[in-house]
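As given, the protein sequences belong to chains A and B, one line each in that order.
Per full-length UniProt numbering, the first sequence starts with residue 1, numbered consecutively.
Per full-length UniProt numbering, the second sequence starts with residue 1, numbered consecutively.
Even glycine gets a Cβ: it sits at the ideal position worked out from N, Cα and C.
This report refers to the structure that appears directly beneath it.
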Amino acid sequence: MQRDYQDLLWGAILALFGLAVAAYAAAHYEIGSLRRMGPGFFPVVLGVILTALGGVITVSAWSRAGVPQPFAWREGMGVILSLVVFAVLMPRLGIVATTALTTLISSSVAPRAGVSWRLVLCAAVTLLTWAVFVLALDMTIPVWPWSR
Amino acid sequence: MNTLEGLAHGLSVALQPSVLVYSLFGALLGTFVGVLPGIGAMAAITLLLPITYYISSEAALVMLAGVYYGAQYGGAVASILLRLPGTPQSAVTTLDGYPMAQQGRAGVALFTSMISSFSGSMLGIVILVLLAGWLAEVATMFGAAEYAAMMIMGLVAAATVGAGSPAKSLAMVVAGLILGCVGTDVNSGAQRFTFGQTQLLDGINLVALAMGLFGVAEVIANIRKADRHGPPDRISLRQLVPQRHELRKMIAPITRGTTLGGFFGALPGTGSTISSFLSYALERRISRHPERFGKGEIAGIAGPEAANNSAAITAFVPTLTLGIPGDPIMALMLGALVIHGIQPGPMMLEARPDMFWGLVASFGIGNLFLLILNLPLIGIWVSMLRIPFRWLYPAIIVFICLGVYSVRGATFDIAMVAGIGAIGYLLALASFSPAMLLLGFVLGPLIETNLRRALLISRGDPMVFIERPIACLFVMATVALVGFTTIKAVSRNRAARRQIAAAAAPQQEDDRT
Numbered sequence: 001m002q003r004d005y006q007d008l009l010w011g012a013i014l015a016l017f018g019l020a021v022a023a024y025a026a027a028h029y030e031i032g033s034l035r036r037m038g039p040g041f042f043p044v045v046l047g048v049i050l051t052a053l054g055g056v057i058t059v060s061a062w063s064r065a066g067v068p069q070p071f072a073w074r075e076g077m078g079v080i081l082s083l084v085v086f087a088v089l090m091p092r093l094g095i096v097a098t099t100a101l102t103t104l105i106s107s108s109v110a111p112r113a114g115v116s117w118r119l120v121l122c123a124a125v126t127l128l129t130w131a132v133f134v135l136a137l138d139m140t141i142p143v144w145p146w147s148r
Numbered sequence: 001m002n003t004l005e006g007l008a009h010g011l012s013v014a015l016q017p018s019v020l021v022y023s024l025f026g027a028l029l030g031t032f033v034g035v036l037p038g039i040g041a042m043a044a045i046t047l048l049l050p051i052t053y054y055i056s057s058e059a060a061l062v063m064l065a066g067v068y069y070g071a072q073y074g075g076a077v078a079s080i081l082l083r084l085p086g087t088p089q090s091a092v093t094t095l096d097g098y099p100m101a102q103q104g105r106a107g108v109a110l111f112t113s114m115i116s117s118f119s120g121s122m123l124g125i126v127i128l129v130l131l132a133g134w135l136a137e138v139a140t141m142f143g144a145a146e147y148a149a150m151m152i153m154g155l156v157a158a159a160t161v162g163a164g165s166p167a168k169s170l171a172m173v174v175a176g177l178i179l180g181c182v183g184t185d186v187n188s189g190a191q192r193f194t195f196g197q198t199q200l201l202d203g204i205n206l207v208a209l210a211m212g213l214f215g216v217a218e219v220i221a222n223i224r225k226a227d228r229h230g231p232p233d234r235i236s237l238r239q240l241v242p243q244r245h246e247l248r249k250m251i252a253p254i255t256r257g258t259t260l261g262g263f264f265g266a267l268p269g270t271g272s273t274i275s276s277f278l279s280y281a282l283e284r285r286i287s288r289h290p291e292r293f294g295k296g297e298i299a300g301i302a303g304p305e306a307a308n309n310s311a312a313i314t315a316f317v318p319t320l321t322l323g324i325p326g327d328p329i330m331a332l333m334l335g336a337l338v339i340h341g342i343q344p345g346p347m348m349l350e351a352r353p354d355m356f357w358g359l360v361a362s363f364g365i366g367n368l369f370l371l372i373l374n375l376p377l378i379g380i381w382v383s384m385l386r387i388p389f390r391w392l393y394p395a396i397i398v399f400i401c402l403g404v405y406s407v408r409g410a411t412f413d414i415a416m417v418a419g420i421g422a423i424g425y426l427l428a429l430a431s432f433s434p435a436m437l438l439l440g441f442v443l444g445p446l447i448e449t450n451l452r453r454a455l456l457i458s459r460g461d462p463m464v465f466i467e468r469p470i471a472c473l474f475v476m477a478t479v480a481l482v483g484f485t486t487i488k489a490v491s492r493n494r495a496a497r498r499q500i501a502a503a504a505a506p507q508q509e510d511d512r513t
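Dropping the structure here:
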């Protein structure tokens with residue numbers, strides 16, 4: 001039996017998410033009446049609708065063959081990691097060092113290996129970032145680790 | 001102010017040196033991101049949003065709009081030369097553009113797309129001016145009920161008319177509406193879904209959401225994909241010149257494409273991508289040689305390219321006159337307007353004529369500029385396609401981080417972008433439309449406010465949506481759209497099941513023997 005497992009899963013996730021939203025809103029916020037809607041009214045309605053739509057997606061995926069999608073997990077991890085590194089380091093190390101590190105990490109998942117092109121890229125992006133955000137836009141951000 | 005006075009006034013705004021510079025910068029940047037597969041107008045506009053805090057509101061809007069229509073020009077270049085659409089709007093152009101390039105007529109195909117884009121935009125401006133004035137007048141009759149009903153219809157239309165599964169698109173719209181609820185409720189002051197996080201009191205940041213969905217998710221998806229294509233051949237200026245019979249073949253498709261695009265662009269919900277697909281279908285249907293389509297037919301480029309540019313311009317009609325963005329890019333544009341303290345709506349034409357007419361005039365100037373510059377510069381754009389994506393995406397990531405960080409100096413927002421990006425990538429992989437999510441997110445608070453207001457005025461009587469004629473029209477259209485889509489989906493499902501059953505039947509007989 002062939003099933004579209006991807007849609008099956010996402011339909012279920014969305015349905016559960018809708019259910020959670022509706023339940024949480026119903027428990028924590030006032031529903032009010034049609035005449036004077038409380039803060040809970042809109043989220044509860046939306047949660048119920050999402051649950052229904054998630055159900056439709058799941059049910060229709062049950063008896064349908066799915067096309068497996070290649071999942072770029074390595075690229076995904078690299079990009080997400082470089083974002084997190086930026087978020088953590090930015091207030092501590094300043095824009096120059098953080099940019100350089102972020103560029104090095106994110107370019108490590110590029111389809112071409114090698115260090116030299118990445119170092120050149122790192123220098124170019126760091127210079128460009130500094131020129132645009134510090135020099136041209138004069139943004140108030142730490143530039144060096146000691147310039148906080 | 002009448003139309004001519006308005007245009008004259010608009011020209012005086014758009015020709016201010018600083019505004020002019022930003023307009024041209026936006027148009028060129030738009031072409032650049034349009035040419036490069038892997039970064040769309042959406043990502044570029046989100047990247048620029050934080051920067052617009054630092055410049056005047058006219059310059060900011062004119063620049064963002066320039067990116068939007070500039071990308072419509074650039075998108076065709078990669079479509080024609082690499083069979084890889086630079087933007088979703090130009091996906092159709094691959095069908096006939098790439099075969100033309102293979103036949104050595106890449107220059108003519110590029111010229112056709114440029115001249116069609118230009119004609120589409122210019123006629124689109126005329127439609128914009130005529131429709132906006134008319135709609136602004138009609139909109140003075142709009143109350144809260146009409147606004148709520150119209151926005152709901154817009155969302156349902158966006159989810160059901162476009163390509164892809166309507167159930168998935170609707171689910172994304174609703175998910176977006178839910179995300180829009182996060183933060184302090186305007187009416188009661190209650191904090192919804194903040195879980196005690198002070199960073200969420202103002203709700204989820206629009207820039208963070210858009211950058212996660214369109215910046216991060218697209219970068220992840222394109223790192224491997226975009227580097228696989230070889231560089232195209234060089235194009236000389238002489239190759240661009242079409243023959244007279246080729247020129248003549250463009251006129252009718254351009255006119256039809258513009259009209260089609262102008263109409264669908266102005267409808268809230270449907271946008272330039274849908275227009276270009278519809279225009280292609282129309283051209284093939286009425287052509288005397290439908291078999292030539294897909295093998296290098298000029299009408300297959302001219303129609304859709306005119307349609308998507310015309311739609312890109314008229315998409316501003318509902319955004320500016322009703323405050324209802326028709327597509328996600330317009331949603332961002334609306335966000336930018338609100339950041340600058342301008343509330344688009346029926347009063348905007350009168351309250352902010354400099355903004356409205358300045359924008360209209362800048363469309364004309366920007367498009368003229370794109371036509372004049374892009375034809376000679378085509379060699380440069382083609383050589384842009386030689387830049388491998390691996391040189392670009394690390395810079396994009398840094399710009400995303402700094403862009404989000406600059407909005408309010410919170411690293412929390414960057415972490416949010418990372419999370420949204422990861423989810424957005426997975427959703428896009430399962431062909432859920434992130435654009436629908438963003439559209440729902442932006443319209444959510446507006447719908448809730450108007451819904452509450454309408455029901456408060458009617459003392460809780462939902463009949464208010466039926467008794468008022470304009471609201472009733474929107475409600476009926478919404479019901480019709482939902483009904484039609486359901487019937488279509490059910491019958492398609494049944495047909496598919498019958499096919500599977502038919503394919504399985506002989507097998508079962510084999511099993512028995």
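Would you verify that the beta carbon of residue 114(A) is, or is not, closer than 8 Å to some beta carbon of chain B? no
Checking the sheet assignment: what are the DSSP bridge partners for residue 192(B)? 183(B)
Buried versus exposed, by CB contacts within 10 Å (16 or more), residue 201(B): exposed
Return no unless some Cβ of chain A is closer than 8 Å to the Cβ of residue 460(B). yes
Residues of chain B with CB closer than 9 Å to the CB of residue 94(A), please, in chain order. Neighbours of residue 94(A) on chain B: none; closest Cβ ~12 Å, over 9 Å.
Minimum Cβ-Cβ distance from residue 3(A) to chain B less than 8 Å: no
C-beta neighbour in chain A for residue 58(B), strict 8 Å: no
How is the alpha helix (DSSP H) around residue 74(A) delimited, first residue to last? 73–93
Under 8 Å Cβ to Cβ from residue 134(A), same chain only, skipping five residues before and after it: list those, please. 95, 141 and 143
With three or more C-beta pairs closer than 8 Å as the rule, is the stretch 79–95 of chain B touching the stretch 206–216 of chain B? no
Report the three-state DSSP secondary structure of residue 154(B) (helix, strand or coil). helix
Which residues mark the beginning and the end of the alpha helix (DSSP H) in which residue 28(A) is found? 5–28
Beta-carbon proximity check, residue 57(A) vs residue 488(B), cutoff 8 Å: no
Just list the residues that DSSP pairs residue 37(A) with in beta bridges. 32(A)
Helix, strand or coil, according to DSSP, for residue 389(B) in the structure here? helix
Would you decide whether residue 117(B) is buried or exposed? Buried here means 16 or more other CB atoms lie within 10 Å of its CB. buried
Min CB distance residue 411(B) to chain A below 8 Å: yes
Classification of residue 244(B) by the beta-carbon crowding that lies within 10 angstroms, buried from 16 upward: exposed
Let me check understanding here. Comparing Cα to Cα, which of 61(A), 6(A), 129(A) and 15(A) lies closest to residue 496(B)? 61(A)
Exposure of residue 21(B), with buried meaning 16 or more beta-carbon neighbours within 10 Å: exposed
Using the beta-carbon of each residue, which ones in chain E are nearer than 8 Å to residue 327(B)? Protein chains A and B are contained in the structure displayed, whereas chain E is not.
Determine, for residue 31(A), whether the minimum Cβ-Cβ distance to residues of chain B falls below 8 Å. no
Work out the CA separation of residue 138(B) and residue 331(B) for me, nearest whole Å. 22 Å
What did DSSP end up calling residue 144(A) once you bin it into helix, strand or coil? coil
With a CB to CB cut of under 6 Å and the five nearest residues on each side skipped, what residues in its chain are close to residue 6(B)? 357
For the alpha helix (DSSP H) containing residue 246(B), name the first residue and the last one. 244–266
Within-8 Å CB hit, residue 513(B) to chain A: Confidence at residue 513(B) is low in this model, with a pLDDT of 37, below 50, so its placement is unreliable and the value that follows should be read with caution. Judged by the 8 Å Cβ criterion, residue 513(B) is not in contact with chain A.
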